[in-house]
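Residue numbers (this note's numbering), protein chains in the order written: chain X, 925 to 1062; chain L, 784 to 863. Glycine included, C-beta positions come from ideal geometry on N, C-alpha and C. Computed from a prediction, not measured in an experiment: that's the story for all the values here. A quick write-up on the structure given underneath.
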């Protein structure tokens, strides 16, 4: 069972945990990706996220389906935020339940690592003196 | 034939617009479209990678395009 969402409003970690709760799961692993205040020693004021929405949802769903299949996870909630985010806010919340903890950790890590490689979402770092699309240039 | 091109992230800064109609001789592949785009927008070749998605799926260079396909220019992603 999956709960995949792209949201313009603050993410609700508790709702993600509640969604994945299952009587046959002995562990829930949660990853929260938050907005850091600096990159390579330079102060970041905020981040702007944009997404190719239908494809981002489809790719997040594929990843979560693969994680269920590969690791035997029970339920996954994958919520990603778009728009302008301030320092400390959550950009992504992933909650995974599985019968045992190893599968929950592995599936959660698979979801965030793969999301960062394939899901069409982009973040722009806003600095005091300019802005940069993250990872755009080699 | 005409395809609809969507640009995101830094690719949108480079093409200057989110939506762009591109005219291509038929038949044309994703690779052909890439050549046309790189010629028109040389700064695309400075990016770490540019993938193309056809109707919301990543597509190989050899995939043939059809009239009215929605193609997206996907610069390096950075979600999470």
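Which one or two residues does DSSP pair with residue i in a beta bridge?
i	result
residue 795/L	Note: residue 795/L sits in no beta bridge, so no partner.
residue 853/L	787/L
residue 843/L	According to DSSP, which records beta bridges pairwise, residue 843/L is partnered with nothing at all.
residue 1004/X	930/X, 1016/X
residue 868/X	What the structure shows of chain X is the stretch from 925 to 1062, and residue 868/X is not part of that stretch, so it cannot be assessed.
residue 953/X	1020/X
residue 836/L	841/L, 855/L
Indicate whether at least one CB of chain L lies closer than 8 Å to the CB of residue i.
i	result
residue 982/X	yes
residue 976/X	yes
residue 1040/X	yes
residue 957/X	yes
residue 1036/X	yes
residue 1016/X	yes
residue 1065/X	What is shown of chain X runs 925 to 1062, which leaves residue 1065/X out entirely.
Got a sec, what are the start and stop residues for the beta strand (DSSP E) residue i sits in?
i	result
residue 1056/X	1054-1057
residue 805/L	802-806
Span of the alpha helix (DSSP H) holding residue i?
i	result
residue 1033/X	1025-1042
residue 822/L	813-823
Check whether chain X comes within 8 Å of residue i, counting only Cβ atoms and requiring the distance to be less than that.
i	result
residue 787/L	no
residue 844/L	no
residue 837/L	no
residue 862/L	yes
residue 791/L	yes
Quiz prompt | Segment contact flag, the segment 1002-1020 of chain X with the segment 926-935 of chain X, C-beta cutoff 8 Å, min 3 pairs | solution = Yes, they touch.
key: Contact between the segment 980-991 of chain X and the segment 1036-1043 of chain X (3+ Cβ pairs under 8 Å)   = Enough Cβ pairs lie closer than 8 Å, so yes.
Practice problem: Decide yes or no for the touch test of the segment 991-999 of chain X against the segment 962-969 of chain X: beta carbon pairs closer than 8 Å, at least 3 of them. | Solution: The segment 991-999 of chain X is not in contact with the segment 962-969 of chain X.
Worksheet item: When the Cβ atoms of the segment 1028-1038 of chain X are set against those of the segment 958-965 of chain X, are three or more pairs found closer than 8 Å?
Response: With the rule of 3 Cβ pairs closer than 8 Å, the segment 1028-1038 of chain X does not count as touching the segment 958-965 of chain X.
Worksheet entry | the segment 834-852 of chain L touching the segment 971-982 of chain X, judged by at least three CB pairs closer than 8 Å | Contact holds: three or more Cβ-Cβ distances are below 8 Å.
Between the segment 1008-1024 of chain X and the segment 823-831 of chain L, do three or more beta carbon pairs fall short of 8 Å? Three or more Cβ pairs closer than 8 Å define a contact, and the segment 1008-1024 of chain X falls short of that threshold against the segment 823-831 of chain L.
Next item on the list: Scan the segment 805-827 of chain L for residues whose Cβ lies nearer than 7 Å to a Cβ of chain X and list them as they occur along the chain.
Entry: Those residues of the segment 805-827 of chain L that come within reach of chain X (Cβ to Cβ, closer than 7 Å) do not exist; the list is empty.
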